[in-house]
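Protein chains in written order, with our numbering: chain A, 1 to 222; chain B, 223 to 433. We put the CB at the ideal spot given by N, CA and C, even for glycine. Keep in mind the model is a prediction, meaning the values are calculated, not measured. What follows is a short report on a single structure.
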């Protein structure tokens, strides 16, 4: 059963390796958006330190939204999705396999990129590490919630914008706790509570979202 | 004899129009059903209903006595579906497509098995070519090669002969006869009335309404 999950993830990673541009574009979008803010706001260190975590989080959210279009749409268009759902494997595992590949291709690189980019905001070592940790714990929830939106809007015209409108409000708790964790570290308080809450949100969405995604995918195939 | 695939009083409504209603069918081991009918008569809808991709408006589909809506995974493991869409990835080679599809199904995904499958469909030596560089008919044959790598007892084939050249049509007919000989069942649609395997039954959709 885990074999099916890994087979789907392996397939998506191999496909991404053949289309590297798609993955790199999302990473560059993230870096460019984040880099624009210090230029626009000005070099005031205190201001930058204050807004830095929020900007990195919002940029990570927007970059993730960009990647959702390709999560199910390509498989839907070429018939692979119906093959995967008829594969005799639990559909939830298929969805988890696609989620795993999606996170490895978006959430994970964004998390790693956040470390060097936080220098632009003079965050300091400890808050920067907290930011990386918060992204690592929070981005799985973003991928999962995004996948629900992508599955619901599958086959709709103009689904890309709709998915962003549907999913972004749902990611507000992730955004709040994600920035709160960095603020708590800068302020000398422990970041444990917000980080645990982020982990909780991710685990809850991992446990519940796949069922919703499977239901939405089945409807879209009718 | 036990029915492998059975439909009871199926109705299908698409876009407010009833395509068929009260349709029952029963396929035992080694039986082939050839679904014919005009464009829009519901051939594809019937096949998708039999696969469980489309929920019937009324009625149910049974696989070895179990409702397929309740036994999705067991039925899926015993089902090979080739639809209008090939379900192959253009960026991957034919071999990668076959092996990854087999791995996702939990079937034998060894290189030898996939090479043999491509050989059966006349694609020997084309396995390392990305599917996007193959012709329409060759892409179709990559999709059909999945039939050779699976152990499924139920084959549901939507227009499998489309875009195939004469030699491949013969090859596919051979595969279907082997599958029936193994005790499998095959449901297929086709535009041209072809030489059906011996004992194939025929279902004409849309004839009763006379539309």
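Consult DSSP for residue i and reduce its assignment to one of helix, strand or coil.
| i | result |
| --- | --- |
| residue 137 (chain A) | helix |
| residue 226 (chain B) | strand |
| residue 212 (chain B) | Because residue 212 (chain B) is not part of the residues shown, which for chain B are 223 to 433, the question remains open. |
| residue 310 (chain B) | coil |
| residue 277 (chain B) | coil |
| residue 222 (chain A) | coil |
| residue 67 (chain A) | helix |
| residue 149 (chain A) | helix |
| residue 80 (chain A) | helix |
| residue 116 (chain A) | helix |
| residue 154 (chain A) | coil |
| residue 208 (chain A) | helix |
| residue 336 (chain B) | helix |
| residue 41 (chain A) | helix |
| residue 233 (chain B) | strand |
| residue 46 (chain A) | helix |
| residue 182 (chain A) | helix |
Going by CA-CA distance only, name the one from the options that's closest to residue i.
| i | options | result |
| --- | --- | --- |
| residue 223 (chain A) | A:117, A:98, A:82 | Nothing can be reported for residue 223 (chain A), as the shown portion of chain A is limited to 1 through 222. |
| residue 163 (chain A) | A:189, A:66, A:18 | A:66 |
| residue 317 (chain B) | B:389, B:339, B:300 | B:339 |
| residue 37 (chain A) | A:91, A:53, A:27 | A:53 |
| residue 306 (chain B) | A:199, A:30, A:9, A:76 | A:76 |
| residue 136 (chain A) | A:50, A:59, A:202 | A:202 |
| residue 119 (chain A) | A:184, A:34, A:133 | A:34 |
| residue 112 (chain A) | A:31, A:182, A:2, A:96 | A:31 |
| residue 288 (chain B) | B:261, B:230, B:352 | B:230 |
| residue 228 (chain B) | B:251, B:379, B:235, B:310 | B:251 |
| residue 101 (chain A) | A:209, A:6, A:90, A:204 | A:6 |
| residue 200 (chain A) | A:179, A:140, A:146 | A:140 |
| residue 107 (chain A) | A:192, A:62, A:212 | A:62 |
| residue 14 (chain A) | B:315, B:235, B:225, B:244 | B:315 |
| residue 90 (chain A) | B:303, B:371, B:381, B:295 | B:295 |
| residue 428 (chain B) | B:238, B:269, B:265, B:387 | B:265 |
| residue 319 (chain B) | B:362, B:248, B:269 | B:362 |
| residue 226 (chain B) | B:378, B:395, B:382 | B:378 |
Distance, Cα to Cα, residue i vs residue j?
| i | j | result |
| --- | --- | --- |
| residue 82 (chain A) | residue 218 (chain A) | 9 Å |
| residue 105 (chain A) | residue 160 (chain A) | 19 Å |
| residue 423 (chain B) | residue 143 (chain A) | 49 Å |
| residue 24 (chain A) | residue 175 (chain A) | 23 Å |
| residue 28 (chain A) | residue 19 (chain A) | 15 Å |
| residue 223 (chain A) | residue 188 (chain A) | Lying outside 1 to 222, the shown extent of chain A, residue 223 (chain A) is not represented and no answer is given. |
| residue 166 (chain A) | residue 158 (chain A) | 13 Å |
| residue 215 (chain A) | residue 42 (chain A) | 48 Å |
| residue 413 (chain B) | residue 148 (chain A) | 39 Å |
| residue 300 (chain B) | residue 425 (chain B) | 23 Å |
| residue 336 (chain B) | residue 326 (chain B) | 14 Å |
| residue 368 (chain B) | residue 131 (chain A) | 46 Å |
| residue 388 (chain B) | residue 109 (chain A) | 50 Å |
| residue 244 (chain B) | residue 284 (chain B) | 15 Å |
| residue 72 (chain A) | residue 210 (chain A) | 13 Å |
| residue 270 (chain B) | residue 185 (chain A) | 56 Å |
| residue 398 (chain B) | residue 407 (chain B) | 9 Å |
| residue 260 (chain B) | residue 96 (chain A) | 40 Å |
| residue 60 (chain A) | residue 51 (chain A) | 14 Å |
How close, in whole Å, do the beta carbons of residue i and residue j come, if the pair is a contact with beta carbons under 8 Å?
| i | j | result |
| --- | --- | --- |
| residue 177 (chain A) | residue 152 (chain A) | Not a contact, Cβ separation roughly 25 Å. |
| residue 409 (chain B) | residue 255 (chain B) | 5 Å |
| residue 194 (chain A) | residue 181 (chain A) | 4 Å |
| residue 246 (chain B) | residue 279 (chain B) | The Cβ separation is near 15 Å, so there is no contact. |
| residue 267 (chain B) | residue 241 (chain B) | 6 Å |
| residue 344 (chain B) | residue 281 (chain B) | Going by Cβ atoms, the distance from residue 344 (chain B) to residue 281 (chain B) rounds to 39 Å, so no, they are not a contact pair. |
| residue 220 (chain A) | residue 145 (chain A) | Contact doesn't hold; Cβ gap of about 18 Å is too wide. |
| residue 308 (chain B) | residue 78 (chain A) | 7 Å |
| residue 371 (chain B) | residue 329 (chain B) | 6 Å |
| residue 16 (chain A) | residue 68 (chain A) | Wrong, their Cβ atoms sit about 14 Å apart, outside the cutoff. |
Can you find a CB in chain A that lies within less than 8 Å of the CB of residue i?
| i | result |
| --- | --- |
| residue 281 (chain B) | no |
| residue 232 (chain B) | no |
| residue 327 (chain B) | yes |
| residue 308 (chain B) | yes |
| residue 313 (chain B) | yes |
| residue 350 (chain B) | no |
| residue 301 (chain B) | yes |
| residue 293 (chain B) | no |
| residue 273 (chain B) | yes |
Got a sec: is the Cβ-Cβ distance from residue i to anything in chain B below 8 Å?
| i | result |
| --- | --- |
| residue 147 (chain A) | no |
| residue 22 (chain A) | no |
| residue 83 (chain A) | yes |
| residue 90 (chain A) | yes |
| residue 18 (chain A) | yes |
| residue 8 (chain A) | yes |
| residue 105 (chain A) | no |
| residue 157 (chain A) | no |
Of all Cβ atoms in chain E, is any one closer than 8 Å to the Cβ of residue i?
| i | result |
| --- | --- |
| residue 14 (chain A) | The displayed structure is made up of protein chains A and B, and chain E is not among them. |
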